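Protein sequences, first through last, are from chains A and B.
So the first sequence is numbered by our numbering: it starts at 11 and just counts up by one.
So the second sequence is numbered by our numbering: it starts at 690 and just counts up by one.
C-beta atoms are modelled at their ideal positions from N, C-alpha and C, and glycine is treated no differently.
Every value quoted in this text rests on a predicted model; they were computed, and no experiment measured them.
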Amino acid sequence: MTQENPPYFEYTHYPFVRPPEMSGQRETRPVVIVGAGPVGLTAALSLAHFGIETIVLEIRDCVSDGSRATCISRRSLEILDHVGPGPAITAKGIWWYSGSTFFRDKKVFSLEMAHSNTDKHPPFLNMQQCVFEQFLVDACLANERIDLRWLSKVIDLTQHDEAVALEVETPEGTYPLEAQYVAAADGAHSGIRQKLGLRFEGTSYEGRYLITDIELETDTPAERRVWFDPPSNPRSTIIMHCQPDNIWRFDCQLRPEEDEQAELDPERLIPRVQRHLDDIGETGAWQPVWSSLYKAHCLTIESYRHNRVCFIGDAAHLVPIFGVRGLNSGVEDAFNLGWKLAYALRGIGSEKLLDSFDTERVAATHENHRQATKSTWFMTPPGQGFTLMRDAVLSLAISQPWVRGLINPRQAAPFAYTDSALNGRDQAEPTDGMLPLGGVLPNPMVRLKANGAWTDGHLLDVTGAGFVGLVKEGDPSGADENVGAIADEGLPVRRVALVSDESGASDGTAVCDPTGALGELLGVSSGILVLIRPDDHICARLVRPDLSALRNALDTALG
Amino acid sequence: MSGKLNEADTETLEVLFRMLSQAIEEAGADKERLYLAKLSMVMASHIGDVDVVREATTVALQDL
Numbered sequence: 011m012t013q014e015n016p017p018y019f020e021y022t023h024y025p026f027v028r029p030p031e032m033s034g035q036r037e038t039r040p041v042v043i044v045g046a047g048p049v050g051l052t053a054a055l056s057l058a059h060f061g062i063e064t065i066v067l068e069i070r071d072c073v074s075d076g077s078r079a080t081c082i083s084r085r086s087l088e089i090l091d092h093v094g095p096g097p098a099i100t101a102k103g104i105w106w107y108s109g110s111t112f113f114r115d116k117k118v119f120s121l122e123m124a125h126s127n128t129d130k131h132p133p134f135l136n137m138q139q140c141v142f143e144q145f146l147v148d149a150c151l152a153n154e155r156i157d158l159r160w161l162s163k164v165i166d167l168t169q170h171d172e173a174v175a176l177e178v179e180t181p182e183g184t185y186p187l188e189a190q191y192v193a194a195a196d197g198a199h200s201g202i203r204q205k206l207g208l209r210f211e212g213t214s215y216e217g218r219y220l221i222t223d224i225e226l227e228t229d230t231p232a233e234r235r236v237w238f239d240p241p242s243n244p245r246s247t248i249i250m251h252c253q254p255d256n257i258w259r260f261d262c263q264l265r266p267e268e269d270e271q272a273e274l275d276p277e278r279l280i281p282r283v284q285r286h287l288d289d290i291g292e293t294g295a296w297q298p299v300w301s302s303l304y305k306a307h308c309l310t311i312e313s314y315r316h317n318r319v320c321f322i323g324d325a326a327h328l329v330p331i332f333g334v335r336g337l338n339s340g341v342e343d344a345f346n347l348g349w350k351l352a353y354a355l356r357g358i359g360s361e362k363l364l365d366s367f368d369t370e371r372v373a374a375t376h377e378n379h380r381q382a383t384k385s386t387w388f389m390t391p392p393g394q395g396f397t398l399m400r401d402a403v404l405s406l407a408i409s410q411p412w413v414r415g416l417i418n419p420r421q422a423a424p425f426a427y428t429d430s431a432l433n434g435r436d437q438a439e440p441t442d443g444m445l446p447l448g449g450v451l452p453n454p455m456v457r458l459k460a461n462g463a464w465t466d467g468h469l470l471d472v473t474g475a476g477f478v479g480l481v482k483e484g485d486p487s488g489a490d491e492n493v494g495a496i497a498d499e500g501l502p503v504r505r506v507a508l509v510s511d512e513s514g515a516s517d518g519t520a521v522c523d524p525t526g527a528l529g530e531l532l533g534v535s536s537g538i539l540v541l542i543r544p545d546d547h548i549c550a551r552l553v554r555p556d557l558s559a560l561r562n563a564l565d566t567a568l569g
Numbered sequence: 690m691s692g693k694l695n696e697a698d699t700e701t702l703e704v705l706f707r708m709l710s711q712a713i714e715e716a717g718a719d720k721e722r723l724y725l726a727k728l729s730m731v732m733a734s735h736i737g738d739v740d741v742v743r744e745a746t747t748v749a750l751q752d753l
């Protein structure tokens, strides 16, 4: 049952296809991506979105086994909307908004995440990783800019001044492949990372989790549920998540004296799960369909850019599952690298963009580790002192509200690149709650004007493959016209106007902000222009910018 | 419970949680009871208000 493909998902096994390089073709490709996991595939779709062709090399002949990283963040869904398969994934996954934490037999904490029924995406969405990956594979196969090569293993890599030379092993022999850049998305055991002699640094935790998918018929609502020291499995921690098609994810911490291989045996696993289902009143028929083991790690390499090789996802960093920052940070890595690599290759931006990929995403990893470490103290306490204090806090939490903040699972939140070298000036009068430079745009429902007609949409529908200059309609300062003027110079920026009512919009793209709340959040007021990067992060707020101020801000944002 | 902990933000609680956890780790499994008793005595003496300490002992006795 372990480490095999689960029966709830019909696997497509893809054949090896002889590439032109095996018939003597020698052409330097713009980008080769190593690894067709969720991060590598998102990188391929991102690069395609920004106009770059890629080759993706994958050792396997199908998507990965089982549910693995089952929880997808709203930010990941927004990115996937930009690059293609987001809507299909959003429609298929389980939406959830809340969580409950229990200590022994008592509820001690409720997690409620802000949401509205006009949101395009839930705060979090659950879907088995294999199902998720298949959506990405299907999108890649339908994309003419992506050449997905199965059963292809990189066995050698050499960096030269102008390109990276790879040797690829296949069922029909090896072939050489050359690329201007390589994105290493080959996972926790990255061969590329080892080939470059880069070492993970950080902390690994001893606590082990048994993770299992079970098929269970139930009407129990989808939310994140955690039990500390439950009567069914004393001195352990159990997490349950709902996944599509009646598949539930059951994660159970192993006690130190338990042998992990023995506990994977259905003879031990089934009674363990049964005891818990009995305890929580689940009476429906069920069966285990997949299981695996997990340990928490906070590890990263020091730098994600090594000349022409960039590391993304688990190849670059391992983040504990608690708080769902693993896959989601990898998707953010891929999109960040995607636009920067594309802009550098197309000559729109400089190669320094790749250094900003490195510093921005390394900073994101440090924040993810900072948050995940605090969750890990609770989920797999690293020693007797942490265990005792954890139990003390949970016991106190039954009667003492003030201590409950410590139990918050600290779910992933989008990281703001506040220290980015791509940020220009922030000349707006700061107010409470205003998005900082480097922050990512929110995605509320709005009325949008495009191609002369108003429709219902969401704010991120206005960002595309280029920069956006967001201005107040009818701005007397000239900022408005200046965006149009630099766009006419061929710079990659589009004007979007914020209007207070639909009748006030002139030609072009407009967003209606009847209450002014959006303008306040983004810091767009009369005379202010907000510059938005192709990855939805804001990078400058300028007062009455003239042409040269606008060009400067774009130059900064383009490396 | 009344007192300063009511006002403590989560970030402060996290710092306290980590500090106390690491101190108990340092005391070791066989000395943790003695260590915690000594720590209670030191903290009670720092508080110096019998009513506040009495309330704390009552709160901590719940849900054992």
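Please compile the residues from chain E whose C-beta is within a distance smaller than 7 angstroms of the C-beta of A:L398. In summary, chain E is missing from the structure at hand, where the protein chains are A and B.
I need the straight-line Cα distance from A:A352 to A:P555, nearest angstrom please. By one-based count along the first sequence, residue 352 of chain A stands at place 342. By one-based count along the first sequence, residue 555 of chain A stands at place 545. Distance between the alpha carbons of A:A352 and A:P555 is about 27 angstroms.
Closest by C-alpha distance to A:T375, when choosing among A:R414, A:D511 and A:L328: Walking along the first sequence from the start, residue 375 of chain A turns up at place 365. Among A:R414, A:D511 and A:L328, the Cα nearest to that of A:T375 is on A:L328.
Any residues in the stretch 196 to 216 of chain A with a beta carbon nearer than 9 angstroms to a beta carbon of chain B? Which ones, in chain order? none
Which runs of the alpha helix (DSSP H) spanning at least 4 residues fall entirely within the stretch 169 to 248 of chain A, listed in chain order? 201 to 205
Once the 5 residues before and after A:G526 are set aside, which same chain residues still bring their CB inside 8 angstroms of it? In the first sequence, residue 526 of chain A corresponds to position 516, counting from 1. So the qualifying residues of the chain are S510.
If you follow the beta strand (DSSP E) that A:Y18 is in, where does it begin and where does it stop? Counting from one through the first sequence, the residue named residue 18 of chain A turns up at place 8. Note, A:Y18: premise wrong, no beta strand (DSSP E); not H, not E.
Taking only beta-carbon atoms, is B:D752 less than 8 angstroms away from chain A? Here residue 752 of chain B refers to the residue found at position 63 when the second sequence is read from its first residue. Yes, contact with chain A.
Alpha carbon of A:V27 to alpha carbon of A:R159, nearest angstrom: Within the first sequence, the letter at position 17 stands for residue 27 of chain A. Within the first sequence, the letter at position 149 stands for residue 159 of chain A. Spanning the two alpha carbons is a distance of roughly 7 angstroms.
Assign A:Q253 to one of three DSSP states: helix, strand, or coil. Residue mapping note: residue 253 of chain A aligns to position 243 of the first sequence, counting from 1. The answer is strand: DSSP assigns A:Q253 an E or B state.
What does the Cβ neighbour count give for A:T38, buried or exposed, with the cut at 16 atoms within 10 Å? Within the first sequence, the letter at position 28 stands for residue 38 of chain A. Exposed, since its Cβ has fewer than 16 Cβ neighbours within 10 Å.
Taking 8 angstroms as the threshold (beta carbon to beta carbon), is A:W237 in contact with chain B? Residue mapping note: residue 237 of chain A aligns to position 227 of the first sequence, counting from 1. By this cut-off, A:W237 is not an interface position.
Cβ-Cβ distance between A:V319 and A:Q169 below 8 angstroms: Residue 319 of chain A sits at position 309 when you count from the first residue of the first sequence. Residue 169 of chain A sits at position 159 when you count from the first residue of the first sequence. The answer is yes: Cβ separation under 8 angstroms.
By Cβ distance, which residues of its chain are closer than 6 angstroms to A:R235, with the 5 residues on each side in sequence left out? Residue 235 of chain A sits at position 225 when you count from the first residue of the first sequence. Contacts found: S110 and M250.
Using only the alpha-carbon positions, how far apart do A:E377 and A:L87 sit? By one-based count along the first sequence, residue 377 of chain A stands at place 367. By one-based count along the first sequence, residue 87 of chain A stands at place 77. The straight-line gap from Cα to Cα measures roughly 21 angstroms.
Looking only at C-alpha atoms, which of A:S301, A:A373, A:D498 and A:L568 sits nearest to A:N570? Residue 570 of chain A cannot be examined here, being either before or after the span of chain A that is shown, 11 to 569.
CA-CA distance, B:M690 and A:V456? Along the second sequence, read from residue 1 onward, the residue named residue 690 of chain B stands at position 1. Along the first sequence, read from residue 1 onward, the residue named residue 456 of chain A stands at position 446. Low per-residue confidence applies at B:M690: pLDDT is 48, beneath 50, and the placement is therefore not dependable enough to give any value.
Can you tell which of A:P181, A:N346, A:F60 and A:V493 has its C-alpha closest to the C-alpha of A:L564? Position 554 of the first sequence, counted from the start, is the residue given in the question as residue 564 of chain A. Measuring from the Cα of A:L564, the nearest candidate turns out to be A:V493.
Are the Cβ atoms of A:R420 and A:S366 separated by less than 8 angstroms? As a working mapping, residue 420 of chain A is identified with position 410 in the first sequence. As a working mapping, residue 366 of chain A is identified with position 356 in the first sequence. In this structure, A:S366 does not lie closer than 8 angstroms to A:R420 by Cβ.
Cα-Cα separation, A:A173 to A:L355: Looking up residue 173 of chain A in the first sequence gives position 163. Looking up residue 355 of chain A in the first sequence gives position 345. Roughly 12 angstroms between the two C-alpha positions.
Mind the definition here: the stretch 219 to 226 of chain A touches the stretch 289 to 300 of chain A only if three or more C-beta pairs lie below 8 angstroms; say whether that holds. yes
Identify whether A:N136 lies in helix, strand or coil by the three-state DSSP scheme. Indexing the first sequence from 1 puts residue 136 of chain A at position 126. In the structure shown, A:N136 sits in a strand (DSSP, three-state: E or B).
Would you mind working out which of A:A495, A:I62 and A:S56 sits nearest A:G479, comparing C-alpha positions? Residue numbering aside, residue 479 of chain A sits at position 469 when the first sequence is read from its first letter. Here the closest residue by C-alpha is A:A495.
For A:G443, which residues in the same chain have their Cβ closer than 8 angstroms to its Cβ, ignoring the five residues on either side in sequence? Sequence index remark: in the first sequence, residue 443 of chain A carries index 433 (1-based). Cβ neighbours of A:G443 beyond the five flanking positions: E530 and L531.
Tell me the residue span of the alpha helix (DSSP H) that contains A:R380. Walking along the first sequence from the start, residue 380 of chain A turns up at place 370. Note, A:R380: alpha helix (DSSP H), K362 to M389.
If you drop the 5 nearest sequence neighbours on each side, which residues of the same chain put their C-beta closer than 8 angstroms to that of A:I417? Here residue 417 of chain A refers to the residue found at position 407 of the first sequence. Same-chain partners within the cutoff: T111, V118, F119, F388, V403, L404 and A407.
Can you pull the chain A residues whose beta carbon is under 7 angstroms from the beta carbon of B:A718, in chain order? Here residue 718 of chain B refers to the residue found at position 29 when the second sequence is read from its first residue. Under the 7 angstroms cutoff, chain A gives Q394.
Is it the case that the CB of A:N562 approaches a heavy atom of the ligand ADP more closely than 7 angstroms? For the structure depicted, the ligand ADP is absent and the ligand set is empty, with no information on it obtainable.
Among A:G217, A:Y304 and A:E20, whose alpha-carbon lies nearest the alpha-carbon of A:E267? Along the first sequence, one-based indexing puts residue 267 of chain A at 257. The option with the nearest alpha carbon to A:E267 is A:G217.
Does DSSP put B:T701 in a helix, in a strand, or in coil? Taking the second sequence and counting its residues from 1, the one referred to as residue 701 of chain B is at position 12. In the structure shown, B:T701 sits in a helix (DSSP, three-state: H, G or I).
Using the rule of at least 16 other Cβ atoms within 10 Å of the residue's Cβ for burial, across every protein chain shown, is A:D324 buried or exposed? Start at 1 with the first residue of the first sequence, and residue 324 of chain A comes out as number 314. The residue in question, A:D324, is buried, as its Cβ has 16 or more Cβ neighbours within 10 Å.
Excluding sequence positions up to five away, which residues of its chain have a Cβ less than 6 angstroms from the Cβ of A:D523? Taking the first sequence and counting its residues from 1, one reaches residue 523 of chain A at position 513. Cβ neighbours of A:D523 beyond the five flanking positions: L508 and G529.
Is any beta-carbon of chain A found at less than 8 angstroms from that of B:S691? In the second sequence, counting from the first residue as 1, residue 691 of chain B sits at position 2. Note that B:S691 scores a pLDDT of 45, beneath 50, so its modelled location is shaky; the value from the coordinates is reported in the next line. So, not an interface residue.
Could you tell me whether the stretch 242 to 261 of chain A touches the stretch 283 to 291 of chain A, using the rule of 3 or more Cβ pairs below 8 angstroms? yes
Helix, strand or coil for A:H23 per DSSP? As a working note, residue 23 of chain A is residue 13 in the first sequence. Note: A:H23 maps to coil in three-state DSSP.
How close, in whole Å, do the beta carbons of A:G476 and A:P502 come, if the pair is a contact with beta carbons under 8 angstroms? Start at 1 with the first residue of the first sequence, and residue 476 of chain A comes out as number 466. Start at 1 with the first residue of the first sequence, and residue 502 of chain A comes out as number 492. Indeed they touch by this definition, with Cβ atoms about 4 angstroms apart.
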